[in-house]
Every structure is written in structure tokens, then in C-alpha cells.
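There are 2 protein chains.
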Amino acid sequence: MNHREALEALRRLDREYRHLCHVLALLQWDQETCLPKDGVMDRSEQLALLGGMAHEQLIDPKVGKHLAEAGVTEKNPQGDERFSGEERDFLRVFSKEYYKAIKLPPDFVRYAAKAEGLSQAAWVEARQKSDFSFFMPHLSTMVEIAKKRTQYWGYGDRAYDGLLDIYEPGMTEQGIQEIFAPLAVKLKDLAERITAKGIEPSIFSASRYDSGIQHQFSLKLMDYLGFDTKRGRLDTSAHPFTTTLGTRDVRITTRYIEENPLSGIFSTIHEMGHAFYELGLPDNLRGSCLGDGSSMGIHESQSRLWENVIGRSRAFWTGLFPLLGSYFPGQLGSISLDAFIREVNRVALSPIRIEADELSYSLHIILRFELERRLFSGKLSVEELPRAWNALMKEYFNIEVENDREGVLQDVHWSMGSFGYFPSYALGNLYGLQLWKKLCADIPQADSCIAQGKFEKIRAWLNETVYVWGRRLCPEALLIKATGQKLKADSFMEYIETKYTAIYGL
Amino acid sequence: MNHREALEALRRLDREYRHLCHVLALLQWDQETCLPKDGVMDRSEQLALLGGMAHEQLIDPKVGKHLAEAGVTEKNPQGDERFSGEERDFLRVFSKEYYKAIKLPPDFVRYAAKAEGLSQAAWVEARQKSDFSFFMPHLSTMVEIAKKRTQYWGYGDRAYDGLLDIYEPGMTEQGIQEIFAPLAVKLKDLAERITAKGIEPSIFSASRYDSGIQHQFSLKLMDYLGFDTKRGRLDTSAHPFTTTLGTRDVRITTRYIEENPLSGIFSTIHEMGHAFYELGLPDNLRGSCLGDGSSMGIHESQSRLWENVIGRSRAFWTGLFPLLGSYFPGQLGSISLDAFIREVNRVALSPIRIEADELSYSLHIILRFELERRLFSGKLSVEELPRAWNALMKEYFNIEVENDREGVLQDVHWSMGSFGYFPSYALGNLYGLQLWKKLCADIPQADSCIAQGKFEKIRAWLNETVYVWGRRLCPEALLIKATGQKLKADSFMEYIETKYTAIYGL
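So the protein lines, in turn, are chains D and X. So the first sequence is numbered by this note's numbering: it starts at 349 and just counts up by one. So the second sequence is numbered by this note's numbering: it starts at 349 and just counts up by one.
Shown next as C-alpha cells:
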């Protein structure tokens with residue numbers, strides 16, 4: 349087979365692999381949105397079977413054979429100059445997935461999958477009991493498995509870099525540390541200045557917001573932001589998420605809390621931000637390994653741009669607040685736009701990450717990053733983790749953690765072995781604001797577009813600058829191409845300072 | 349491998365095959381209920397890929413190897429007396445699927461799948477144009493493919509028997525003909541006596557029935573009949589159906605017509621009848637090849653029992669009509685129970701099968717059976733089909749067919765190559781009434797149970813008599829075990845005569 353035939357064969361194998369991934373995504377989407385209660389056991393068997401088949405597809409010896417025919421090696425993963433730029437990106441990204449997958453022995457993969465199942469179950473029970481000791485041995489196992497995995501991949505004693513690379517290709521512990529450490533100091537300082545002014549109670553505590561009407565408003569919101577319902581849909585689930593089930597089928601979910609309509613509104617906007625990215629991928633990349641976001645963090649930058657920078661802005665609600673009021677006239681009729689904007693941006697330090705405001709959210713992430721890097725460098729043992737967690741909570745938030753459930757046991761990620769994932773959330777904030785600053789330089793009238801509910805120019809800019817690249821560029825290359833600069837926290841910090849100084853009159 | 353190990357290996361392979369079938373069913377269910385419009389192209393590729401993988405799983409050489417190790421051959425498909433009765437049934441049913449699948453050359457399977465796709469597309473267009481000639485060459489191809497398939501299976505010139513065996517194992521053209529021919533005469537005679545009295549207009553023509561409220565009533569109806577929503581759910585789709593996505597996940601769909609609430613109500617009840625069967629299968633058979641209905645016709649007997657015999661009875665609405673009235677007080681407040689029962693059982697001969705009443709429905713089926721058997725015995729050419737269709741329409745219904753769309757092009761089945769499928773619909777009516785007569789002998793108070801909305805005894809009888817066997821018994825064996833008799837049309841005809849004589853005062 350010559351190099352071009354080999355490329356075509358690889359494209360076909362990749363396409364089938366993505367189809368299987370989309371089928372797996374449907375099985376999961378259905379489980380979260382539709383599955384009858386007693387259907388869970390069969391579903392987990394279906395997921396295991398299809399997951400195994402997808403893995404088999406990826407490590408098929410044919411993939412290795414065709415990579416060799418295309419002149420691709422692990423040291424030269426993108427082939428040579430006989431291929432176009434996009435073809436070389438395809439070869440690089442696909443072969444990286446393949447090389448990573450074949451380096452893990454099948455016995456190890458099975459052992460890890462089984463340990464992960466046990467670990468998740470133990471975490472659920474430990475969290476219910478609020479007792480870390482119950483989860484501890486499983487967490488030790490998950491840490492060992494994660495280290496072992498990075499050893500198979502060839503990271504030696506740089507285990508944490510190997511984990512970060514799963515979610516943020518090219519990012520390293522040191523690179524992130526250099527950005528997060530000074531950011532933590534600034535965020536902590538700003539949070540202290542705000543909380544010194546006293547925390548206001550929510551304006552929503554007294555009324556009830558029917559979830560059926562909230563859903564009607566969410567559908568309206570999708571229309572308002574320009575979501576194409578021929579290519580996606582909205583459902584509800586316990587934890588909101590976005591999933592891609594086909595090249596033209598991107599679904600989001602949200603959830604409604606009847607005491608507070610903001611939860612549903614901002615979940616819907618957040619997930620739409622993810623969906624715009626997936627739906628904006630160019631046709632020639634869709635359905636291939638390049639038809640995905642650049643990284644977890646770049647994906648998160650898009651959801652957070654829409655949720656926070658656009659969705660929590662004064663301009664956005666100038667246009668939309670009257671409409672929201674028409675859905676809940678009794679509850680919101682007497683609330684002013686000012687009071688509403690303040691509520692939408694209320695700072696209230698909480699020990700729980702998923703309840704955090706825009707300011708303190710990144711501090712929650714930096715705390716987890718700190719603990720993860722200590723765990724993987726051997727400076728911290730799993731046994732010492734709760735104490736270290738609580739000490740950092742005190743240092744960053746001045747909060748005394750009352751129990752493990754509100755502390756070290758609050759997130760599911762570690763129980764699944766997803767170490768190195770958390771940083772992407774905070775990196776998303778930083779990527780997002782660095783992109784946004786450039787967007788505002790290119791579109792000076794962005795704010796008035798938002799106020800008028802006209803998002804076409806913003807969508808077009810994101811499309812041309814971010815979406816169009818799919819997974820061809822790693823986060824750093826994407827940022828440099830889009831903004832001319834490597835990642836810095838400056839734009840984010842400037843945005844946060846300006847916004848909260850104005851709202852809280854600091 | 350010894351015979352017991354071989355059996356266990358076959359059970360595992362069968363279980364994986366059923367998992368893949370359930371995943372395929374989810375892909376289809378989602379397509380009918382949730383899929384965004386533009387997701388169709390990817391979905392068809394996903395279905396083709398998974399369908400191919402399921403077929404590969406079934407014809408895996410390991411299956412043949414383990415069958416041989418278990419002492420199974422095509423001539424002795426159920427193994428020997430070292431196996432229990434249930435194990436022998438498993439071997440017989442699973443090996444039959446395997447032997448049928450491996451006899452079809454892969455090239456033929458691909459050719460047939462492609463021709464089917466083209467044929468369905470041509471049928472859609474021909475139906476829009478109401479022009480049979482456009483569809484004719486494709487239908488000829490589908491007939492040839494169906495004949496070829498039965499030749500591969502070894503049916504020689506008994507092609508139609510080979511087709512019937514797909515849907516009704518053990519049934520033959522001659523056996524069905526002996527039952528259908530006299531039945532057609534009796535149904536035709538009764539229909540003439542009724543229509544001679546003049547057709548009344550519908551009582552529903554004037555009002556509108558909100559589909560949201562219809563849906564609320566359908567959910568109430570599921571609860572009323574005892575549907576376990578931990579193991580299933582209700583959605584809407586263009587064509588109502590029931591599908592099994594796991595051993596404890598059986599979903600039904602319905603559709604609502606705002607001019608007539610009966611369509612949604614009886615679709616919901618019909619599909620629930622199918623779902624009760626699937627949900628009633630015993631735990632030891634679920635998830636295996638035996639965890640299915642005995643045949644298409646026995647399945648249809650269950651849906652029609654609930655829809656027609658129970659659901660259109662006076663007893664049923666004695667209990668339920670006040671409840672329905674409470675959902676639509678404005679529309680139904682002034683309608684009497686008598687008028688409602690009469691409407692529910694209104695006879696109005698139509699050229700369209702899916703609009704047919706309980707009486708004329710079987711006549712529509714017998715017409716199709718007549719044409720199919722002539723087509724496959726060579727007595728009728730595809731070219732002559734429309735004329736033959738119209739002649740039989742005139743003979744059975746005294747209806748002049750106005751165009752192909754209302755005639756020979758009305759059903760999708762033939763365009764998919766599903767010849768031999770139609771008889772199952774009418775057989776379902778006959779099986780159902782033969783079972784029902786025995787049920788009423790065993791539970792003399794069945795009618796008052798229905799009136800009181802207490803269905804436990806009826807469900808328990810169906811469970812012990814029908815559901816518990818899954819696919820272990822073929823239709824004839826099931827009927828003999830349940831009623832002591834082979835299939836006859838007597839119970840059905842007696843039921844129809846009695847019911848319509850009373851309603852129409854003949």
C-alpha cells in the first residue's frame with residue numbers, strides 16, 4: 349500500500365472508531381436523561397462491551413501497519429512533507445492516540461477498569477458516610493494506577509506531566525504552577541476585600557420558579573443565542589453536560605432548581621458554549637480525530653465565555669431581563685435590573701466547588717492542583733490528603749471544613765482516576781479571557797451586540813479564530829495564533845478586578 | 349471443550365449478540381423519538397457499522413466450533429439428552445439463527461442491504477407521486493432477493509414457506525390458507541351486513557384534544573393498566589412502536605392526533621400489550637435468544653388483546669370513561685358511555701389498512717397474503733400487482749381504489765423485502781381470541797375485573813400461559829399447551845359476530 353492509500357485506510361479506521369465513540373456517547377446520554385431505573389445493570393454491560401470493541405478498533409494491528417506504510421513513527425508522528433498540513437495533523441493526533449493505547453498491556457487496562465469501578469462505588473459510600481478512611485485504600489490504588497499508566501507512556505518520574513497531557517496537550521506542571529501561584533495570591537486578596545464588605549442574602553429565597561416554565565425559558569434562550577435545533581437538543585439530567593453523538597448531533601442538558609432560576613439558566617448557557625464549539629467545527633474535520641476541541645481547557649474556555657463573560661454581563665441582561673421577567677412576572681416583577689445583575693455575580697465563599705462564584709472558582713481549582721502535584725511528586729501521601737485539603741481551604745478561603753463530604757470527598761474525579769483534569773477548569777477561565785480581550789479589540793462594539801441580542805459577529809470571530817482549528821492546534825499554539833501571546837493570567841485578572849470593583853464598589 | 353463448557357461459551361456469545369441488538373435498538377429508538385433532523389446521515393452510518401458488527405458476532409467461527417463441541421448439528425439442532433429441556437430449546441433457537449446467517453454469502457448480504465436502501469427510497473418517491481411504475485423494478489428486485497434468500501436456506505420452490513418461517517416458525521402457506529380463506533368469506537359477509545345499515549359520522553369531529561393533555565392521560569393509562577415505569581417509558585414518534593433496549597428496559601411510543609383522542613389512547617394500549625409480554629419474560633430467559641416472543645403473531649396477539657378485546661370493551665370504559673372525561677370535560681362532558689363505546693368500535697370500511705376497524709383489519713391482511721402467495725408461486729407478476737390489488741379491494745370491500753398511493757403503495761413492508769410478515773397481524777387476532785376464550789373459562793370474572801380496573805389476574809394468567817415460555821415454544825406448540833387446540837379462527841369469528849351484532853343491532 350502506498351502512502352496515500354495508507355492515509356485513506358487510516359481515515360476509514362479512524363472514522364469507524366469515532367462512530368463507536370458516538371454510539372458510546374449515546375448509551376451514556378440515554379443513561380443520564382432517559383434510562384428507566386432498572387435498566388442500569390444492562391446498560392453498564394452494554395457500555396463495557398462497546399467500550400472494549402472501540403478499544404479493539406483503535407489498537408487493531410491494521411492501524412500500526414498503515415501508519416508504517418504512511419512513514420509514521422512515534423518519533424515522527426506526522427509523517428513527511430508528502431502530506432498536506434491537515435493530513436500531518438491528522439496523522440500526529442491519530443497516531444498519538446494509537447501509540448498511547450497500545451503501550452498499555454490488556455491485563456493492565458482490565459485491572460484499571462475494574463479498580464475504577466470499585467473505587468467509584470467506595471467513593472459514593474464514603475461520601476454518604478462522610479468518612480475518607482473508607483475511600484482511602486481505593487484512592488491509593490487509583491494514584492498507583494495513574495502513575496503506572498504514565499510510566500507505560502514513558503514519562504518516567506514526571507508522572508503528573510503525563511496526566512496533564514491527557515487533558516491539556518503540551519502543558520506541564522511547572523508551566524501551570526508559574527501561572528497559578530501568583531494568581532492564587534491575587535484572587536485571595538480580592539476575595540478578602542469583597543467579603544470584608546459583608547455577604548448579602550440571595551434575592552431569590554422567597555419565591556418558587558416552576559421547572560416547566562424554566563424549561564420553556566431555556567428553550568427560548570437557545571433560540572436567543574442562535575442554537576440550531578436541527579443539530580442538537582436540550583434535555584435535563586442530574587448533572588448538566590454536553591455530548592456529541594454524531595457530526596451533526598450535539599446535545600446539551602441542564603437542570604432546574606425551583607428555588608433559584610439562575611442554576612438552570614447558567615447551566616444552559618454554559619453547555620451551549622460547549623455545543624457552539626462542537627457545532628462550529630469545520631466540515632472537513634468532523635467525524636475524524638481532528639473533529640474535537642483543542643483541549644479540555646479550551647473547551648471550558650468556550651463554555652465559560654458564554655456563561656460568565658457574556659452571560660453574567662450587564663449588557664446581556666439589559667436585553668434579556670425583560671423577557672425573563674415575562675416568564676416569571678410575579679416573582680421578578682419587583683426586582684430591578686441592578687439587583688438582578690448583582691445577584692448573578694454575587695460572591696459567597698463556599699467550601700463546595702460547584703457552588704462557587706466566578707471569582708473563587710479558580711481558587712478551588714488551584715487548591716486541587718496544589719494537592720495533585722504534591723501527591724504525584726511524593727511530597728504528600730494519600731493518608732495526609734484530608735488534612736492538607738483542610739489546611740489549604742483555611743489558607744485560601746479562611747473556611748474551616750466541617751467534614752470530609754464538604755471537603756476532600758466532594759468531587760467524583762479522583763475516584764475515577766481523573767488526576768490532572770482539574771487544572772483545565774481554571775485554565776479555561778484564563779484562555780477564555782485572553783481570547784475575549786482580543787475579540788473585543790477586533791470587535792469594539794461587542795458589548796452593544798450583546799445588549800441587542802445579536803451574537804453573529806461574536807460567533808463568527810470564535811468560529812474563525814478557535815472552532816475552525818478543531819484539534820489541529822494544541823492550546824498554546826492556538827492561543828499564540830489567536831492572540832499573538834502565550835498563556836498569561838493578566839487578562840483574566842484584569843477582567844475580574846474591573847468587574848467586581850464596579851459591582852462591590854471597592 | 350466438553351459439552352457443558354461449550355454451552356456456557358455459546359451462552360456468552362449469545363448474550364453479547366443480544367447486547368449488540370439492544371444497542372442497535374437504542375440507535376433506532378433514538379432516531380424515532382429524539383434525533384435532531386440533521387443527525388440522520390451519521391445515524392444511518394452508525395446503524396450500518398453496528399449492524400455489521402452484530403452480524404459478525406453471530407457468524408463468528410467460534411459459534412460453529414462450540415455448537416459442534418455441544419454435539420449440535422443442523423439436523424439435530426437441540427443437542428442430546430445430556431442437556432435440560434431449556435438448554436435444548438436454547439441450542440435449537442440459537443443454532444437456527446446461526447445456520448440461517450452463515451448460509452447467506454457476505455456478498456449477497458451486502459447486495460441485499462444496498463438494494464433494500466434503494467428500494468425504500470424509490471417507494472417513498474413512488475408513493476409521493478402515486479405512481480407504481482416508478483417502484484416496480486425495485487419491487488421485482490426485492491422479490492428476487494427474497495426468493496434467493498429462501499433458496500440459500502434450502503426451501504427450494506417453497507419460497508413463501510421460507511419467508512413465513514421468519515415471522516411465524518412452523519407456519520406454512522397451506523396451513524394459513526386453510527384458515528384465511530373461509531375467514532375472508534365470513535368477515536366480508538358481516539361487513540356487508542353492517543355497512544348496509546349506513547355508516548355514522550364520528551362523534552369527535554367538532555372538538556380539539558390538546559396533545560399535552562392526551563399525553564397526561566396516556567401516562568395515567570399506563571399506571572391504570574399496571575405498567576412498571578422503573579422498567580420502561582412512554583415517548584412519542586410518527587409511528588408507534590415497542591422496543592426492548594435491555595432486559596429491564598422496554599419502551600413504548602404513541603402519537604397524538606388533536607382531532608381524535610382515540611388514536612393516541614389505542615396506540616398506547618396496543619404498545620403496552622407488546623411491552624407486557626417483553627416485561628413478563630422470565631428472568632432465566634431474558635438477555636438470551638429465548639428472551640423474546642414466540643413469534644411476530646403471538647406478539648401481535650398480546651397487543652391486540654389489550655387494545656381491542658380489553659381496550660374496546662364496554663367493561664373497560666365503564667371504569668375508565670369518567671376518568672377520561674375529567675381530562676376533557678368540555679369535549680366529552682355531553683357524550684354518553686353508549687355513544688363512546690359505539691365510536692370506539694365504529695366500522696367504516698377504508699382502502700387504508702392502518703385506518704381499518706377491528707373487523708375489516710383482518711380482511712386487509714388476507715388480501716395481502718393472497719397477493720404475496722401468488723407473487724411467490726409465480727401466478728402473479730410484479731407488473732400485474734396493482735390490478736390484482738384493486739380487484740381484491742373490490743371483491744372484499746366493494747371499494748374502488750382511486751390511485752396507487754391508496755392502493756398497492758400504501759405499506760412500507762414490501763419495499764423493505766418483508767414478505768411473509770403481513771399474515772402475522774391477522775394471525776395475532778386469531779391467536780389472541782383463542783387464548784382469550786381459555787382465559788375467560790379459567791377466570792369467569794374477567795369482565796368484572798376489567799370494569800373495576802383490576803388487571804392482576806389477567807396479567808397473571810397471560811404470564812403463566814404465554815409470557816413464561818419466551819421463545820421456547822413455537823406458536824402452534826404454545827397454543828396447544830395453552831388451549832389444548834391447534835389454531836382455528838372460530839373463537840375470533842364468534843367474538844367478532846357477537847360484538848358487532850350487539851353494537852349494530854343486526
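A virtual CB, placed ideally from N, CA and C, is assigned to each residue, including glycine.
Within 9 Å of the CB of L375 of chain D, the CB atoms of chain X belong to V371 and L374, in sequence order along the chain. For the stretch 390 to 413 of chain D, the set of positions with a beta-carbon nearer than 8 Å to some beta-carbon of chain X reads D390, R391, E393, Q394, L397, L398 and M401 in chain order. For R662 of chain X, the secondary structure class from DSSP, reduced to helix, strand or coil, is helix. Using a Cβ-Cβ cut-off of 8 Å, G768 of chain D is close to nothing in chain X; its nearest Cβ partner there is about 31 Å away. Nearest Cα to I714 of chain D within the set D:L398, D:T498, D:P530 and D:L372: D:P530.
Linking K742 of chain X to E732 of chain X through their CA atoms gives a straight-line distance of about 16 Å. In this structure, R352 of chain D sits away from G635 of chain D, with a CB-CB distance that is not shorter than 8 Å. The alpha-carbon separation between P734 of chain D and R599 of chain D amounts to approximately 37 Å. Comparing C-alpha distances from E516 of chain X to each of X:E824, X:K834, X:I683 and X:G818 shows the shortest one belongs to X:E824. In this structure, L778 of chain D places its C-beta atom within 8 Å of the C-beta atom of I527 of chain D. Remark: three or more beta-carbon pairs, one from each stretch, lie closer than 8 Å, so the stretch 767 to 781 of chain X and the stretch 710 to 728 of chain X are flagged as touching. A contact is defined here as three or more CB-CB pairs under 8 Å, and the stretch 482 to 495 of chain D meets this definition with respect to the stretch 459 to 472 of chain D. Excluding residues up to 5 positions away in sequence, A830 lie with their Cβ nearer than 6 Å to the Cβ of T813 of chain X in the same chain. In the structure shown, the three-state DSSP call for V814 of chain X is coil. The three-state reading of DSSP puts I700 of chain D in coil, since its state is none of H, G, I, E or B. Identification of chain D residues near T595 of chain X by a Cβ-Cβ cut-off of 7 Å yields D390, ordered along the chain. Bounds of the beta strand (DSSP E) holding R581 of chain X are G580 to T584. Burial of D597 of chain X is indicated by the presence of at least 16 other C-beta atoms within 10 angstroms of its C-beta. Closer than 8 Å to the CB of E364 of chain X there is at least one CB belonging to chain D. Residue pairing for I605 of chain D: DSSP places it in a beta bridge opposite D:N608.
DSSP, reduced to helix, strand and coil, places T592 of chain X within a strand of the structure shown.
Within a 10 Å sphere around the beta-carbon of S392 of chain D sit fewer than 16 other beta-carbons, which makes this residue exposed. Within chain D, the residues whose beta carbon sits less than 7 Å from that of H367 of chain X are E393, Q394 and L397, listed in sequence order. Put simply, the backbone Cα of F840 of chain D is about 58 Å away from that of D631 of chain X. As computed with DSSP, V598 of chain D is found in a beta bridge with D:G580 and D:T592. The alpha carbon of D838 of chain D has as its nearest neighbour, out of D:K785, D:V816, D:R660 and D:A794, the alpha carbon of D:K785. DSSP places P453 of chain D outside any alpha helix (DSSP H), giving it a letter other than H or E. The DSSP-derived three-state label of I551 of chain D is coil. Under the 8 Å Cβ criterion, the stretch 378 to 387 of chain X counts as touching the stretch 581 to 594 of chain D, having at least three qualifying pairs. Contact between the stretch 747 to 758 of chain D and the stretch 542 to 551 of chain D is absent, with fewer than three C-beta pairs closer than 8 Å. Under the Cβ distance rule, T602 of chain D does not count among the residues neighbouring chain X, no pair being separated by less than 8 Å. R497 of chain X counts as buried, since at least 16 other C-beta atoms from the protein chains shown sit within 10 angstroms of its C-beta. At the C-beta level, F724 of chain X and F767 of chain X come within 8 Å of one another. The C-alpha of Q650 of chain X is placed about 7 Å away from the C-alpha of G780 of chain X. Nearest CB-CB separation between L383 of chain X and chain D: below the 8 Å threshold.
Taking a C-beta cut-off of 9 Å against chain X, the contacting residues of the stretch 561 to 594 of chain D are D576, T577, K578, R579, G580, R581, D583, L593 and G594, listed in chain order.
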